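Asker: Pasting a structure below so you can have a look.
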Amino acid sequence: MSLPACTKCQCEYVYEDQQLLVCPECAYEWNPNSTNDEDAFSVKDANGTLLNDGDKVTVAKDLKIKGSSQVIKIGTKAVVRRVLDKKDHELDCKVEGIGEMMVTAKFVKKAS
Numbered sequence: 027m028s029l030p031a032c033t034k035c036q037c038e039y040v041y042e043d044q045q046l047l048v049c050p051e052c053a054y055e056w057n058p059n060s061t062n063d064e065d066a067f068s069v070k071d072a073n074g075t076l077l078n079d080g081d082k083v084t085v086a087k088d089l090k091i092k093g094s095s096q097v098i099k100i101g102t103k104a105v106v107r108r109v110l111d112k113k114d115h116e117l118d119c120k121v122e123g124i125g126e127m128m129v130t131a132k133f134v135k136k137a138s
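Okay, so the sequence shown: first residue is 27 according to this note's numbering, each after it adds one.
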């Protein structure tokens, strides 16, 4: 089976990673079965991994909660309920020991 070239840099060394195609040269990831509108919106974690609804994540650094004296400690687990197209606080999460809250994607890592 021959895979198509990268849609960003035209690299021919594209490989499959589950449902996505990945370019090793420019690190672009895309779903060959989706429309281009869906590719325009993506949220990545602190390591650059794409995040989706239902993903399990861990907090990458201590986070202060606005309007509270509580702190979410590094390593705290959370489940992404929804990924939203917002400038900040893109993830609607259920944080272990805290509850429901919005979290910025760059402060979490996708759990293995």
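Beta carbons: idealized from backbone N, C-alpha and C, even for Gly. Predicted, not measured: the structure shown is a model, and the values here were computed from it.
Roughly how many whole angstroms lie between the Cα atoms of E64 and H115?
Answerer: Within the sequence shown, the letter at position 38 stands for residue 64. Within the sequence shown, the letter at position 89 stands for residue 115. Because E64 carries a pLDDT of 46, less than 50, the predicted location of this residue cannot be relied on, and the following value inherits that uncertainty. E64 and H115: Cα-Cα distance of roughly 19 Å.
Asker: When the Cα atoms are used, what is the spatial distance from E89 to C119?
Answerer: On the sequence shown, position 63 is the one that residue 89 refers to. On the sequence shown, position 93 is the one that residue 119 refers to. First, the residue type needs correcting, since residue 89 is Leu and not Glu in the sequence shown. Going by the C-alpha atoms only, they are around 14 Å apart.
Asker: Could you tell me the distance, in whole angstroms, from the CA atom of C32 to the CA atom of N59?
Answerer: Here the question's residue 32 lines up with position 6 in the sequence shown. Here the question's residue 59 lines up with position 33 in the sequence shown. The alpha-carbon atoms of C32 and N59 are separated by roughly 14 Å.
Asker: Using a Cβ-Cβ cutoff of less than 6 Å, which residues in the same chain neighbour E126 once the five nearest sequence positions on both sides are dropped?
Answerer: Position 100 of the sequence shown, counted from the first residue, corresponds to residue 126. Counting only residues of its own chain and dropping the five nearest sequence neighbours on each side, E126 has a CB closer than 6 Å to the CB of K120.
Asker: Considering only residues of the stretch 97-121, which uninterrupted alpha helix (DSSP H) runs meet the minimum length of 4 residues and lie entirely inside it, listed in chain order?
Answerer: With a minimum length of 4 residues, no continuous alpha helix (DSSP H) run stays inside the stretch 97-121.
Asker: With the cut-off set at 8 Å, would you say L77 and K70 are in Cβ contact?
Answerer: Position 51 of the sequence shown, counting from 1, holds the residue named residue 77. Position 44 of the sequence shown, counting from 1, holds the residue named residue 70. The answer is yes: Cβ separation under 8 Å.
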